[in-house]
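S.K.: Residue numbers (my numbering): 805 to 1051.
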């Protein structure tokens, strides 16, 4: 089993993709809108972007899920926020509107040899959709995942994996190895950039619903372009008790 060294680092919340203070200023402007009168311009869904004004950064929503208490929300990368941070998306009125807040966040370190998992509990439990965003058609969604793949299945098949990120869109490449703690992460040959953190990683299955695999966590710092995902069925993530909403 491959291990991860200093060549792997987290995609740190999109801070380099925006001017300093831009997100905070935009979020502050959005906060002036009466949120009771506003709503997301598009239903939040896996692969869509969000702003965390507390971190002055952007990340991507992962799979729609339920926490151990049954609250519905979105999984994402834990390094994208801290418990209590709000998640904002574009609103219908032209500003930014809140969809929920982090109620779980593990993985604040720059280095990725630890659990990297977050959960944004939705203010409106009916406000999220499970279908993965279609980067070719804004506002459109593909199929919701039909199942979650176990690490053993990935190790046996070494399939081609894809992610959908708010900045890169859809990107795919062959799996290269299980890595991290007890094979809790997967590496695959696809390029990601800042702002893609938290993206849903999945296996496309022609004629069937995609299979959920994990959440985009980091990229290689040297050598061939590799992306790394926290496995949903990995030992640490599974112990957190979240359940992906299936189609």
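Where a beta carbon is used, it is the ideal one built from N, C-alpha and C, also for glycine.
None of the values given here were measured: they were computed from a predicted structure.
Do you know how far the Cα of residue 897 is from the Cα of residue 1012?
M.R.: Here residue 1012 is taken as the residue at index 208 of the chain shown, counted from 1. Here residue 897 is taken as the residue at index 93 of the chain shown, counted from 1. Roughly 37 Å separates the two Cα atoms.
S.K.: Give the DSSP bridge partners of residue 876, in chain order.
M.R.: To locate residue 876, count along the chain shown from 1; it is residue 72. Partner(s): 870.
S.K.: Answer with buried or exposed for residue 1034, where buried requires no fewer than 16 other C-beta atoms within 10 angstroms of its C-beta.
M.R.: On the chain shown, residue 1034 is found 230 positions in, with the first residue counted as 1. The residue in question, residue 1034, is buried, as its Cβ has 16 or more Cβ neighbours within 10 Å.
S.K.: Since residue 978 contacts residue 960 with CB under 8 Å, what's their CB separation in whole angstroms?
M.R.: Counting from 1 along the chain shown, the entry for residue 978 is found at position 174. Counting from 1 along the chain shown, the entry for residue 960 is found at position 156. Actually they do not touch by this definition, with Cβ atoms about 14 Å apart.
S.K.: Check for me: the alpha helix (DSSP H) holding residue 974 runs from which residue to which?
M.R.: Counting from one through the chain shown, the residue named residue 974 turns up at place 170. It is not in any alpha helix (DSSP H) - residue 974 instead sits in the beta strand (DSSP E) that spans 973-983.
S.K.: Which of helix, strand or coil does DSSP assign to residue 933?
M.R.: Residue mapping note: residue 933 aligns to position 129 of the chain shown, counting from 1. DSSP places residue 933 in coil when its eight states are reduced to three.
S.K.: I'd like to confirm the pairing. Which residues does DSSP put opposite residue 966 in its beta bridges?
M.R.: For the purposes of this step, residue 966 is taken as residue 162 along the chain shown, with counting starting at 1. 976, 1006.
S.K.: What do you get for residue 1045, buried or exposed, if any count of 16 or more other CB atoms within 10 angstroms of its CB means buried?
M.R.: Against the chain shown, residue 1045 aligns to sequence position 241. Classification of residue 1045: exposed, given that the 10 Å Cβ count is below 16.
S.K.: Per DSSP, residue 1032 is paired with what?
M.R.: In the chain shown, counting from the first residue as 1, residue 1032 sits at position 228. In DSSP, residue 1032 forms a bridge with 991, 1022.
S.K.: Report the residue from 1026, 1015, 842, 1041 whose alpha carbon sits nearest the alpha carbon of residue 1062.
M.R.: In this structure the chain extends from 805 to 1051, so residue 1062 is not present and cannot be described.
S.K.: Where does residue 892 fall in DSSP's three states?
M.R.: Working through the chain shown from its first residue, we reach residue 892 at position 88. If DSSP states are grouped into helix, strand and coil, residue 892 belongs with the strands.
S.K.: Distance, Cα to Cα, residue 972 vs residue 999?
M.R.: Looking up residue 972 in the chain shown gives position 168. Looking up residue 999 in the chain shown gives position 195. Taking the straight line joining both Cα atoms gives about 9 Å.
S.K.: For the beta strand (DSSP E) that residue 926 lies in, which residues bound it at each end?
M.R.: Taking the chain shown and counting its residues from 1, the one referred to as residue 926 is at position 122. Start and end: 921-926.
S.K.: Which whole-angstrom value describes the C-beta separation of residue 868 and residue 1005, a residue pair presumed to lie in contact below a C-beta threshold of 8 Å?
M.R.: One-based indexing of the chain shown puts residue 868 at position 64. One-based indexing of the chain shown puts residue 1005 at position 201. With a Cβ gap of about 15 Å, residue 868 and residue 1005 do not count as contacting.
S.K.: Using DSSP with H/G/I as helix, E/B as strand and the rest coil, what is residue 849?
M.R.: Counting from 1 along the chain shown, the entry for residue 849 is found at position 45. In the structure shown, residue 849 sits in coil (DSSP, three-state: anything other than H, G, I, E or B).
S.K.: What are the residues that DSSP puts in a beta bridge with residue 911?
M.R.: Position 107 of the chain shown, counted from the first residue, corresponds to residue 911. DSSP, once it has assigned bridges, lists no residue as partnering residue 911.
S.K.: Report the rounded CA-to-CA distance for residue 991 versus residue 982, giving the unit in angstroms.
M.R.: The residue you call residue 991 lines up with position 187 of the chain shown. The residue you call residue 982 lines up with position 178 of the chain shown. Going by the C-alpha atoms only, they are around 6 Å apart.
S.K.: Classify residue 1043: buried if its beta carbon has 16 or more other beta carbons within 10 angstroms, exposed otherwise.
M.R.: As a working note, residue 1043 is residue 239 in the chain shown. Label assigned to residue 1043: exposed.
S.K.: Using 8 Å as the threshold, is the C-beta distance between residue 850 and residue 937 below it?
M.R.: In the chain shown, the residue the question calls residue 850 occupies position 46. In the chain shown, the residue the question calls residue 937 occupies position 133. Against a cut-off of 8 Å, the Cβ pair of residue 937 and residue 850 comes out as a contact.
S.K.: So for residue 899, helix, strand or coil by DSSP?
M.R.: For this step, residue 899 is matched to residue 95 along the chain shown. Residue 899 falls in the coil class under three-state DSSP.
S.K.: Which residues in the same chain have their Cβ closer than 6 Å to the Cβ of residue 847, if we skip the five residues on either side of it in sequence?
M.R.: Position 43 of the chain shown, counted from the start, is the residue given in the question as residue 847. Excluding sequence neighbours, residue 847 sits near 933.
S.K.: Under 8 Å, do residue 853 and residue 862 count as touching if we go by C-beta distance?
M.R.: The residue given as residue 853 occupies position 49 in the chain shown. The residue given as residue 862 occupies position 58 in the chain shown. Contact flag set, yes.
S.K.: How would you label residue 887, buried or exposed, when you count the other beta carbons within 10 angstroms and need 16 or more for buried?
M.R.: In the chain shown, the residue the question calls residue 887 occupies position 83. So residue 887 ends up on the exposed side.
S.K.: Throw me the rounded Cβ distance for the residue 921 and residue 1015 pair, which I believe falls under 8 Å.
M.R.: Along the chain shown, one-based indexing puts residue 921 at 117. Along the chain shown, one-based indexing puts residue 1015 at 211. Actually they are not in contact, since the Cβ atoms of residue 921 and residue 1015 sit about 19 Å apart, beyond 8 Å.
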